[in-house]
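Colleague: Chains as they are written, first to last, in our numbering: chain A, 10 to 292; chain B, 46 to 360. The structure that follows is given in the form of structure tokens.
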């Protein structure tokens with residue numbers, strides 16, 4: 010591609026590309042093609058563009074899809090179909106569905122987000138986006154919207170599977186949404202705390218390790234009371250413990266808004282976001 | 046000229062005075078002053094570690110100066126970042142792009158941050174990125190990655206672009222395509238500040254060259270005038286039978302000129318080269334009945350000036 014190869018007749022006068030509705034294609038070789046005219050897009054448009062891109066990038070990453078969608082779905086099917094001897098009383102699916110929902114939120118808001126953000130920081134993506142008109146808070150809002158979009162996908166899939174397996178959810182949908190929102194906020198804060206301070210490889214290792222540990226001890230599969238009384242009283246203060254406890258209180262037992270877990274998640278949210286805001290390095 | 050019209054609004058697009066930037070105990074920039082005229086193309090040259098990128102990143106709002114003031118388009122890059130960011134284009138030295146993203150997708154994304162961006166397809170074509178297809182960024186060639194990065198810097202129709210080593214790692218064709226685009230930016234009234242290690246790039250593109258060393262601007266002028274300033278160090282070279290009388294030759298040419306035989310049969314007359322000194326040299330040879338072969342005038346390039354100013358040792 011050289012300048013001389015461009016036929017003169019195809020050149021469009023400066024400004025014509027905007028005026029003629031695209032009848033003639035601009036080639037950007039005409040004089041004035043790069044005439045300065047910088048104007049930022051509307052903030053809502055920038056944020057939606059960021060959310061949409063992040064969602065597409067996440068769904069394109071096979072490992073992330075495995076972590077966020079395939080594994081929770083398989084967990085739900087495997088544990089509910091196979092008696093583990095740990096659950097008695099109400100039907101297994103009524104016990105496992107809230108736990109796996111909590112695990113799905115943990116995987117997306119914490120593990121996925123920490124790993125993706127860690128590598129974006131390492132590759133200078135956060136730095137580069139910082140030079141566009143998108144404000145930094147807008148970037149963070151975009152990330153959160155993208156997390157919520159993926160969670161909706163996860164929740165829809167898990168609910169369909171659970172209902173097909175005979176799940177009978179109880180309780181107030183508003184209480185469920187509040188718990189999920191608080192859990193998402195708390196995990197996001199922790200994810201950004203990791204991703205904004207550690208190297209990308211360290212973030213990857215720590216996020217995966219913490220994810221697995223929390224899956225094991227967070228009441229996702231094994232009820233907290235199986236860990237013994239002392240351990241249980243500690244584990245229920247973990248954000249994942251509080252989230253699965255709260256979701257089960259509502260969805261399995263039909264309780265009203267469980268203030269204990271809500272309070273614990275709120276404290277984690279405030280603490281994690283405050284710490285992340287203080288320590289986050291953009292590059 | 047758009048450049049002329051814009052220059053009536055504000056004479057300088059970038060004004061830096063007394064800039065100091067430290068990282069821990071290391072001082073990267075120490076008291077740097079630089080003013081970039083609106084609509085001009087300024088090349089910032091300097092050895093590795095001279096403070097080029099630190100200076101540019103203070104202008105882009107990535108670094109907070111430890112002392113001094115920086116104004117870009119009349120704005121403070123830190124406290125007035127929100128007003129400044131939409132108006133500048135930034136090409137980072139490396140990175141800045143999602144590893145799994147496609148070229149068109151990234152360009153479209155950054156374009157969506159502007160109300161009236163350039164036509165993305167046209168820009169893709171202009172920079173020869175249409176062959177990238179669905180290839181993720183990490184698998185593009187170094188040249189394709191660089192050109193995408195340049196496209197991101199201009200897609201928002203900026204008034205001012207900062208290009209950090211825009212042609213590093215490009216092959217000859219891509220370098221020329223990039224130069225053409227940069228020349229067009231300047232012709233369309235965009236102020237350009239670029240850093241480079243390529244002296245011929247600075248010589249070809251720049252209105253002004255700023256040579257930075259140890260965190261200060263040590264020379265700032267047009268490439269021509271920087272080289273002209275040291276014309277006394279030009280020389281006339283020719284080949285002739287060895288063993289000619291150097292003292293006689295020096296005297297014959299002009300007072301202050303010095304003739305040396307750098308290798309047997311290779312002569313160099315050092316000093317300001319004028320039509321007179323050239324004529325005197327050939328006349329002297331003619332007087333001896335000698336044909337000066339491979340006669341050439343060696344003019345000092347920007348590269349010689351650069352090496353004189355910044356030293357020849359490796360950093």
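For every residue, glycine included, the Cβ atom is placed at its ideal position computed from N, Cα and C.
Within the segment 261-295 of chain B, note down every full beta strand (DSSP E) run reaching 3 residues or more, in order along the chain.
Modeller: 261-266 and 280-284
Colleague: Give a yes or no on whether the minimum CB-CB distance between residue 157(B) and chain A is below 7 Å.
Modeller: Numbered from 1 along the second chain, position 112 holds the residue referred to as residue 157(B). Judged by the 7 Å Cβ criterion, residue 157(B) is in contact with chain A.
Colleague: Based on Cα-Cα distance, which residue from 142(A), 49(A), 152(A) and 189(A) lies nearest to residue 108(A)?
Modeller: In the first chain, the residue the question calls residue 108(A) occupies position 99. Ranking 142(A), 49(A), 152(A) and 189(A) by Cα distance to residue 108(A) puts 189(A) first.
Colleague: Mind checking the segment 137-153 of chain A against chain B and listing, in chain order, the residues whose C-beta falls within less than 9 Å of any C-beta there?
Modeller: Contacts with chain B (Cβ-Cβ distance below 9 Å) from the segment 137-153 of chain A involve 137, 138, 139, 140, 141, 142, 143 and 144, listed in chain order.
Colleague: Pull up the distance between the alpha-carbon of residue 67(B) and that of residue 112(B), whole angstroms please.
Modeller: Indexing the second chain from 1 puts residue 67(B) at position 22. Indexing the second chain from 1 puts residue 112(B) at position 67. Cα to Cα, residue 67(B) sits roughly 9 Å from residue 112(B).
Colleague: Would you call the CB atoms of residue 200(B) and residue 155(B) closer than 7 Å?
Modeller: For the purposes of this step, residue 200(B) is taken as residue 155 along the second chain, with counting starting at 1. For the purposes of this step, residue 155(B) is taken as residue 110 along the second chain, with counting starting at 1. Yes. Within cutoff.
Colleague: Between residue 58(B) and chain A, is the shortest Cβ-Cβ distance under 7 Å, so that the two count as touching?
Modeller: Counted from its first residue, the second chain places residue 58(B) at position 13. By this cut-off, residue 58(B) is not an interface position.
Colleague: List in chain order: all unbroken alpha helix (DSSP H) runs of 4+ residues lying wholly within the segment 41-122 of chain A.
Modeller: 52-69, 71-74, 80-90 and 101-114
Colleague: Is the distance from the Cβ of residue 167(B) to the Cβ of residue 141(A) below 7 Å?
Modeller: To locate residue 167(B), count along the second chain from 1; it is residue 122. To locate residue 141(A), count along the first chain from 1; it is residue 132. Going by C-beta atoms, residue 167(B) is not nearer than 7 Å to residue 141(A).
Colleague: Quick check on DSSP: helix, strand or coil for residue 341(B)?
Modeller: Start at 1 with the first residue of the second chain, and residue 341(B) comes out as number 296. Residue state, collapsed to three classes: strand.
Colleague: My parser needs the alpha helix (DSSP H) runs of 4 or more residues fully inside the segment 88-121 of chain B; what are they?
Modeller: 97-105
Colleague: Quick one: residues in its chain with C-beta nearer than 7 Å to the C-beta of residue 139(A), no 5 flanking neighbours on either side, listed in chain order?
Modeller: Residue 139(A) sits at position 130 when you count from the first residue of the first chain. If the five residues before and after residue 139(A) are omitted, its C-beta is found closer than 7 Å to the C-beta atoms of 145 and 291, all from its own chain and listed in chain order.
Colleague: Decide yes or no for the touch test of the segment 120-132 of chain B against the segment 256-273 of chain B: beta carbon pairs closer than 8 Å, at least 3 of them.
Modeller: Touching, no.
Colleague: Quick one: list the residues of chain B neighbouring residue 45(A), beta-carbon separation under 9 Å, in chain order.
Modeller: If you number the first chain from 1, residue 45(A) lands on position 36. Within chain B, the residues near residue 45(A) are 47, 51, 132, 202, 203, 204, 205, 233, 234, 235 and 236.
Colleague: Measure the CB-CB distance between residue 284(B) and residue 311(B) and report whether it falls below 7 Å.
Modeller: By one-based count along the second chain, residue 284(B) stands at place 239. By one-based count along the second chain, residue 311(B) stands at place 266. Contact flag set, yes.
Colleague: Quick one: is residue 31(A) buried, meaning 16 or more other Cβ sit within 10 Å of its Cβ, or exposed?
Modeller: As a working mapping, residue 31(A) is identified with position 22 in the first chain. Note that residue 31(A) scores 45 on pLDDT, short of 50, meaning its location in the model is unreliable and no value can be drawn from it.
Colleague: Where residue 83(A) and residue 89(B) are concerned, what is the direct C-alpha to C-alpha distance, given to the nearest angstrom?
Modeller: Residue mapping note: residue 83(A) aligns to position 74 of the first chain, counting from 1. Residue mapping note: residue 89(B) aligns to position 44 of the second chain, counting from 1. One C-alpha to the other measures close to 57 Å.
Colleague: Scan the segment 196-222 of chain A for residues whose Cβ lies nearer than 9 Å to a Cβ of chain B and list them as they occur along the chain.
Modeller: none
Colleague: Consider the Cβ of residue 36(A): report whether some Cβ of chain B lies at a distance smaller than 7 Å.
Modeller: Within the first chain, numbered from 1, the residue matching residue 36(A) stands at position 27. By this cut-off, residue 36(A) is an interface position.
Colleague: Quick check on this structure: which residue in 114(B), 207(B), 160(B) and 197(B) has the alpha carbon closest to the alpha carbon of residue 141(B)?
Modeller: Here the question's residue 141(B) lines up with position 96 in the second chain. Closest option to residue 141(B), Cα to Cα, is 197(B).
Colleague: Nearest-angstrom Cα distance between residue 289(B) and residue 315(B)?
Modeller: Here residue 289(B) refers to the residue found at position 244 when the second chain is read from its first residue. Here residue 315(B) refers to the residue found at position 270 when the second chain is read from its first residue. Straight-line Cα distance between these residues: approximately 16 Å.
Colleague: When you compare the segment 66-73 of chain A with the segment 115-127 of chain A, are there three or more beta-carbon pairs, one atom per stretch, that lie closer than 8 Å?
Modeller: Result yes; three or more Cβ-Cβ pairs closer than 8 Å.
Colleague: Measure the CB-CB distance between residue 212(A) and residue 147(A) and report whether it falls below 7 Å.
Modeller: Start at 1 with the first residue of the first chain, and residue 212(A) comes out as number 203. Start at 1 with the first residue of the first chain, and residue 147(A) comes out as number 138. Their beta carbons are not under 7 Å apart, which means residue 212(A) does not touch residue 147(A) by this criterion.
Colleague: Please name the residue or residues paired with residue 57(B) in a DSSP beta bridge.
Modeller: Within the second chain, the letter at position 12 stands for residue 57(B). According to DSSP, which records beta bridges pairwise, residue 57(B) is partnered with 82(B).
Colleague: Assuming contact is defined by CB atoms lying nearer than 7 Å, are residue 159(A) and residue 117(A) in contact in what I supplied?
Modeller: Here residue 159(A) refers to the residue found at position 150 of the first chain. Here residue 117(A) refers to the residue found at position 108 of the first chain. Contact annotation: residue 159(A) and residue 117(A) have beta-carbon atoms nearer than 7 Å.
Colleague: Can you list the alpha helix (DSSP H) stretches of 4 or more residues lying completely in the segment 208-288 of chain A, in chain order?
Modeller: 209-226, 238-244, 248-260 and 268-288
Colleague: If we count Cβ pairs, one from each stretch, closer than 8 Å, do we get three or more for the segment 101-115 of chain B versus the segment 171-184 of chain B?
Modeller: The segment 101-115 of chain B, when compared against the segment 171-184 of chain B, does not touch it at the 8 Å Cβ threshold.
Colleague: Output the residue ranges of the beta strand (DSSP E) runs that lie fully inside the segment 109-185 of chain B and measure 3 residues or longer, sorted by chain position.
Modeller: 112-117 and 133-136
Colleague: Can you check whether the C-beta of residue 318(B) is within less than 7 Å of a C-beta belonging to chain D?
Modeller: Here the protein chains are A and B, and chain D is not one of them.
Colleague: Can you list, in chain order, the residues of its chain whose CB lies under 8 Å from that of residue 175(A), leaving out five sequence neighbours each side?
Modeller: Residue 175(A) sits at position 166 when you count from the first residue of the first chain. Annotation for residue 175(A): 100 and 102 place their beta carbon closer than 8 Å to its own, counting only its chain and skipping 5 residues before and after.
Colleague: For a cutoff of 7 Å on Cβ pairs, would you count residue 288(B) as touching chain A?
Modeller: As a position in the second chain, residue 288(B) is number 243, starting the count at 1. Chain A, which has no Cβ nearer than 7 Å to the Cβ of residue 288(B), makes this no.
Colleague: Would the beta-carbon of residue 281(A) fall within 7 Å of that of residue 195(A)?
Modeller: As a position in the first chain, residue 281(A) is number 272, starting the count at 1. As a position in the first chain, residue 195(A) is number 186, starting the count at 1. A contact, by the Cβ cut-off of 7 Å.
Colleague: Identify which residue in 161(A), 247(A) and 202(A) has its Cα closest to the Cα of residue 285(A).
Modeller: Your numbering for residue 285(A) matches position 276 in the first chain. Nearest C-alpha to residue 285(A): 202(A).
Colleague: Closer than 8 Å is the cut-off here; do at least three beta carbon pairs connect the segment 39-48 of chain A with the segment 232-246 of chain B?
Modeller: yes
Colleague: Since residue 225(B) contacts residue 250(B) with CB under 8 Å, what's their CB separation in whole angstroms?
Modeller: Translated into the one-based positions of the second chain, residue 225(B) becomes position 180. Translated into the one-based positions of the second chain, residue 250(B) becomes position 205. About 10 Å; that fails the 8 Å criterion.
Colleague: Determine whether the beta carbon atoms of residue 115(A) and residue 191(A) lie at a separation below 7 Å.
Modeller: As a first step, residue 115(A) must be located in the first chain, where it is residue number 106. As a first step, residue 191(A) must be located in the first chain, where it is residue number 182. Not in contact: residue 115(A) and residue 191(A) (Cβ atoms no closer than 7 Å).
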